[in-house]
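Encoded as structure tokens, the structure appears first; notes follow it.
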Amino acid sequence: MFKIDRSMKILLVISMLLVSMCALGCTQPETETKQYTIATGGTAGTYYPIGGGIAQTVNNASLGFILSVESTGASVANCRLVNDKEADFATVQNDVAYSAINGQRDFAAGKLENLQGVACLYPETIQVIVLKDSGIKSIGDLKGKRVVVGDKGSGSEFNALEILAAYGLTKDDIVVDNSKLSQAAELLKNGQADAAFWTGGAPTAAISELATTHDIYIVPISGEARDKLMAESPFYATETLKAGTYNNLNEDIETVSVMAMLIANKDIPADDVYNLLKAMYDPNAPLKNAHAMASKITTETALKGMSIPLHPGAQKYFDEKGIKA
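Residue numbering for the sequence shown follows my numbering, starting at 5 and increasing by one per position.
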């Protein structure tokens, strides 16, 4: 029988150890999937389904990160969440984002310097909803009335106070209610509120539902007051809410709009933002079916109304597409 001498035994053991070490060293650790959050708004509004559509689009595309949706108080709150890294992305109004990075209005305590723009999404119409038999026909008629202005820190509240000011009113001239839009509809039905401000894509689901059971009226924002508002806040644009947008809305209503936009924390890697946009603008993206306003999310309008500096990943994407602000 062939015998293995002592030196050969030692060499055999060493070889086995080397093979084992190589196997261990060559094993690649699994790459951990990054987790991001997108802050949106209340579940009855437009931000939440749009944010959900963006998340579904990203997650279906297998981009190396997972995006989860968070319901929040919307624009003002979202700017703070992203700035403080409590959220990674957010849907916000372009006028609110501008105020945030410049330390104005609700952000007078200090500039939020960690926000960067990803893309403008769609126009958000300012809608002032009352029941048709309320007797309220103008913004001036809101004096002394119970008015829902939206969540504290929401874009709706932000816009409501600016619009009231354009008509010579302050929050002290109304009874302020900070209920959510979903609650506002019930308050209007029950006579516990006289009017509600809402900034969002039209038609808005909660308003549509209200209009199926009650005749509603949208109070116009027009004339000299609108001119004053737009002169002082350049991110407002004229908007016409068309007859038929809601049940029994039988006339066009003059109002104003701002732009919804997607923002990110400046420390999000450029490649992740670039790939998010690439997936988002895919013509077959699930986002297209998330809400009626998703049809307005296009590359052609992505930089129209961009109010803050672009994230490097977004800059790269739009440069490649030849799209300029």
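We put the beta carbon where it would ideally sit given N, CA and C, even for glycine.
- Taking the Cα of Ser103 as reference, the smallest distance to any Cα among Ile58, Gly56 and Val80 is reached at Val80.
- Inter-residue distance for Asn87 and Val151 is about 30 Å (C-alpha atoms, whole angstroms).
- Residues of the same chain with a CB within less than 6 Å of the CB of Leu314, apart from the 5 flanking positions on each side, are Gly121 in chain order.
- As DSSP reads the structure, Asn293 sits in no beta bridge.
- Beyond the five residues adjoining it in sequence on each side, Gly317 comes within less than 6 Å, by CB distance, of Ala274, Val277 and Tyr278 in the same chain, given in chain order.
- Here Thr174 carries a coil assignment [DSSP, helix/strand/coil].
- 8 Å or more divides the Cβ of Lys147 from the Cβ of Leu116.
- Lys282 is the residue among Ile222, Lys282 and Trp202 whose C-alpha sits nearest the C-alpha of Thr303.
- Residue range Val179 to Asp181 is occupied by the beta strand (DSSP E) that includes Val180.
- Shown here for Phe69: same chain residues with a beta carbon closer than 8 Å to its own, the five before and five after excluded, namely Thr37, Lys38, Gln39, Tyr40, Val62 and Asp276 in chain order.
- Within the DSSP bridge table, the entry for Gly121 names Ile267 and Leu314 as partners.
- Closest in alpha carbon position to Ala296, among Gly195, Leu85 and Gly205, is Gly205.
- Three or more beta-carbon pairs drawn from the segment 237-254 and the segment 211-220 are found closer than 8 Å, and the two stretches are therefore classed as touching.
- For Val223, the secondary structure class from DSSP, reduced to helix, strand or coil, is coil.
- Just measuring C-alpha positions, the residue of Ile257, Gly46, Asn64 and Lys308 sitting nearest Ser186 is Gly46.
- The beta-carbon separation of Ile140 and Ala199, rounded to 6 Å, stays under the 8 Å limit for a contact.
- A check of alpha carbon separations from Ala169 across Gly195, Gly56 and Glu228 identifies Glu228 as the nearest.
- Residue state for Ser142 is assigned as coil, using DSSP reduced to three classes.
- In the three-state reduction of the DSSP assignment, Val62 falls in the helix class, which pools H, G and I.
- The beta carbon of Gly159 sits closer than 6 Å to those of Ala78, Ser79, Gln97, Val100 and Thr203, all from its chain and outside the five residues before and after it, given in chain order.
- Nearest C-alpha to Asp145 among Thr129, Val134, Leu71 and Thr244: Val134.
- In terms of Cβ geometry, Val132 and Phe201 form a close pair [threshold 8 Å].
- Residue pairing of Ile167 in beta bridges, as defined by DSSP: absent, with no partner found.
- In the three-state reduction of the DSSP assignment, Val260 falls in the strand class, which pools E and B.
- The three-state secondary structure of Ala197, taken from DSSP, is coil.
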